[in-house]
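A.B. asks:
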Amino acid sequence: MLFESGFIDKWVTDLIKKHTLDSQRRKMAEATARGELVKSDEGTLSLTVHHLQGVFFVYAAGLLLASILLLLEIIFRNDLMDFLTKSY
59 MLFESGFIDK WVTDLIKKHT LDSQRRKMAE ATARGELVKS DEGTLSLTVH HLQGVFFVYA
119 AGLLLASILL LLEIIFRNDL MDFLTKSY
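Going from the sequence shown to our numbering is simple: count from 1 and add 58.
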């Protein structure tokens with residue numbers, strides 16, 4: 059009777075949801091304790107430098123690559139111009 063009426067399915071579903079929510083809350087609490095998460099008063103998540111760290115690395119790598127290419131272009135400018143203007 060319990061199985062046919064769907065009570066067991068409901069209990070199992072509720073148990074899985076409760077376990078999932080508890081696990082998520084525990085992970086959020088651990089991350090907040092480590093300083094990775096900062097919650098505002100409205101309950102929304104505020105981004106920290108830790109969240110944007112990858113963006114800064116990509117930006118720095120792009121700046122480094124652009125600087126190296128600019129220096130190479132300045133160093134080899136005369137050789138390139140001689141090569142391009144040489145008539146065969």
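Built from N, CA and C at the ideal position, the CB exists for glycine as well.
DSSP state of residue 103, grouped into three classes?
C.D. replies: In the structure shown, residue 103 sits in a strand (DSSP, three-state: E or B).
A.B. asks: Can residue 114 and residue 107 be called in contact, C-beta distance under 9 Å?
C.D. replies: Yes. Within cutoff.
A.B. asks: Helix, strand or coil: which one does DSSP assign to residue 115?
C.D. replies: Helix.
A.B. asks: Please report the straight-line C-alpha distance between residue 120 and residue 70, rounded to a whole angstrom.
C.D. replies: Distance between the alpha carbons of residue 120 and residue 70: 51 Å.
A.B. asks: Can you tell me whether residue 134 is helix, strand or coil according to DSSP?
C.D. replies: It is coil, neither helix nor strand.
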